[in-house]
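In what follows, a single structure is set out as structure tokens and then discussed.
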Amino acid sequence: MVTVGIIANPASGKDIRRIVAQGWVVSNQEKIAIVRRLLRGLEAGGVDRALFMPESLGIGYAAVEALGSTKIQVDILPMDVQANQEDSTRAAERMAKLEVGCLVTLGGDGTNRAVFKGCGSHIPILPISTGTNNVFPEFQEGTTAGLAAAMVATGAVAREAACWRSKVLHIYRHGEPVNLALVDLAIASDSVIGARAIWEVNRLSELFLTRAHPWSIGLSAIGGMLHPLDAHSPSGLHLVFGDGGQTVQAPIGPGLFATLHVRHVRTLTPGQRTPLHLERQVALAFDGERDMTAGPGDDLEVMLSTEGPWVIDPRWAIEAGVRSRL
Numbered sequence: 062m063v064t065v066g067i068i069a070n071p072a073s074g075k076d077i078r079r080i081v082a083q084g085w086v087v088s089n090q091e092k093i094a095i096v097r098r099l100l101r102g103l104e105a106g107g108v109d110r111a112l113f114m115p116e117s118l119g120i121g122y123a124a125v126e127a128l129g130s131t132k133i134q135v136d137i138l139p140m141d142v143q144a145n146q147e148d149s150t151r152a153a154e155r156m157a158k159l160e161v162g163c164l165v166t167l168g169g170d171g172t173n174r175a176v177f178k179g180c181g182s183h184i185p186i187l188p189i190s191t192g193t194n195n196v197f198p199e200f201q202e203g204t205t206a207g208l209a210a211a212m213v214a215t216g217a218v219a220r221e222a223a224c225w226r227s228k229v230l231h232i233y234r235h236g237e238p239v240n241l242a243l244v245d246l247a248i249a250s251d252s253v254i255g256a257r258a259i260w261e262v263n264r265l266s267e268l269f270l271t272r273a274h275p276w277s278i279g280l281s282a283i284g285g286m287l288h289p290l291d292a293h294s295p296s297g298l299h300l301v302f303g304d305g306g307q308t309v310q311a312p313i314g315p316g317l318f319a320t321l322h323v324r325h326v327r328t329l330t331p332g333q334r335t336p337l338h339l340e341r342q343v344a345l346a347f348d349g350e351r352d353m354t355a356g357p358g359d360d361l362e363v364m365l366s367t368e369g370p371w372v373i374d375p376r377w378a379i380e381a382g383v384r385s386r387l
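Shown next as structure tokens:
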């Protein structure tokens, strides 16, 4: 039985950035509508079963009810819900053990980071953006996203023909890996985590990036305005903020620009560790959200890796599927 795992974050598109910037709210009904179209695409592509992460909105069942008749079997993964990012991580881990053909995520950079923590690079991911400031997931039409996921899950196309390998930033504490980021890792002069979303960029001291697009929204746009870096490039970027150097203006949120002073910019080489010299307590933000604190007594290093998640490109997947039939 060909199964596709679906992890829909009910909280995406509803954080503090709707207050401090002009970010839109992705409604629950819109998420259900995306999933409804996604299921139609999966069904058309030959998927037998959709396995959903349990969550407070009941997105999977609501989509099926709105869908009407369908041949695809819909199940909810049996697990306890804690209503935090750990749900996505544990769901992805369990789905990987069940050997689903691929995972489809609805959420933002943080959701996909949590999913990758659970499934690693074993299961391809098709990310659909339902948040703000997203760089890792893109806006996808649910219908074609479902068809593309089906192409991969059923084996109609090879993984290498439908997917590309994303980069990842690993952070080490005393030589041991403790956390990761798919797009950006920011060091902020905060002693506590507080509101998770990073938006006071004047508090940033350093920024590590796996990609830097000048046309994106969020922290990666800062690097993009100075040193554009493609997601498919094998290198990364490291920025140090402070007086002197270059002044850059970048869109850090919808309708929100910031001016920063960048003292130093350098490219990152995969496998090379960069030590963090902390003189005070700081907060570390992974993919735009504070997640841990550290201080002078912590031996921290950051390393870029090219062995991140396999990401399904719907255009590649569908075109490869069509060509295989010609």
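Start counting the sequence shown at 62; every next residue gets the next number (my numbering).
Glycine is no exception: its CB is placed at the ideal position from the N, C-alpha and C atoms.
Remember, it's a predicted structure, so these values are computed and weren't measured experimentally.
DSSP places ARG220 inside the alpha helix (DSSP H), whose first and last residues are 220-223. Per DSSP, reduced to three states, the secondary structure at VAL196 is coil, with no helix or strand assignment. Counting the other CB atoms within 10 Å of its CB gives SER277 a total of 16 or more, which places it among the buried residues. For ARG386, the closest C-alpha among the options MET212, GLY119, ILE68 is that of MET212.
In the same chain as ASN89, and ignoring 5 residues on each side of it, the C-beta atoms closer than 6 Å to its own belong to LEU118, in chain order. Looking at the backbone, the Cα of VAL363 and that of ASP245 are separated by about 11 Å. C-alpha of PHE200 to C-alpha of ARG384: approximately 25 Å in a straight line.
Distance from the CA atom of HIS325 to the CA atom of GLN146, rounded to whole angstroms, is 33 Å. Exposure of MET140 is indicated by the presence of fewer than 16 other C-beta atoms within 10 angstroms of its C-beta. Taking C-beta separations shorter than 6 Å and ignoring five residues to either side along the sequence, the partners of PRO336 in its chain run GLU362, following chain order. Secondary structure of SER190 (DSSP, three-state): strand. In the three-state reduction of the DSSP assignment, ASP359 falls in the coil class.
In terms of Cβ geometry, PHE113 and PRO370 do not form a close pair [threshold 9 Å]. GLN134 sits in a strand when the DSSP states are folded into three classes. For SER250, there is no enclosing alpha helix (DSSP H), as DSSP marks it with neither H nor E. Closest option to THR330, judged by alpha-carbon separation, among ALA175, VAL65, LYS228: LYS228. Between the alpha carbons of ALA311 and PHE269 lies a distance of about 16 Å.
Taking ILE95 as the centre and dropping the five residues before and after it, the same chain places the C-beta of GLY203 closer than 6 Å to its C-beta, in chain order. The region 120-132 makes no contact with the region 229-241, as fewer than three CB pairs between them are under 8 Å.
The Cβ neighbour count for MET62, taken over all protein chains shown within 10 Å, is under 16; the residue is labelled exposed. Excluding residues up to 5 positions away in sequence, HIS322, ARG324 lie with their Cβ nearer than 8 Å to the Cβ of ASP304 in the same chain.
With respect to the 9 Å criterion, LEU300 and LEU287 are classified as neighbours on the basis of their beta carbons. Taking C-beta atoms under 8 Å as the contact rule, VAL87 and THR191 qualify, at a distance of about 5 Å.
The beta carbon of ARG327 sits closer than 8 Å to the beta carbons of LEU298, HIS299 from its chain, once the five residues preceding and following it are set aside; these are given in chain order. Within its own chain, the residues whose Cβ lies closer than 7 Å to the Cβ of VAL161, once the five positions on either side in sequence are excluded, are THR64, VAL65, GLY66, LEU112, ILE184, listed in chain order.
THR166 counts as buried, since at least 16 other C-beta atoms from the protein chains shown sit within 10 angstroms of its C-beta.
LEU99 is a Cβ neighbour of GLY207, given a cutoff of 9 Å. If you compare the alpha carbons of PHE347, ALA258, VAL196 with that of VAL372, the shortest gap goes to VAL196.
Apart from the 5 residues on each side of it in sequence, THR150 sits with its Cβ closer than 6 Å to the Cβ of ALA175, LYS178, GLY179 in its chain, given in chain order.
Look at ARG234 here: in three-state DSSP terms it is strand. Partner residues in the beta bridge of ALA69, as assigned by DSSP, are LEU167. A check of alpha carbon separations from ASN263 across LEU243, ASN173, ILE379, VAL309 identifies VAL309 as the nearest. Close CB contacts of THR367 within its chain, under the 7 Å cut and outside five residues either way in sequence, are with ARG226, LYS228, PRO295, PRO331 (chain order). Straight through space, the alpha carbons of ALA378 and GLN342 are spaced by roughly 46 Å.
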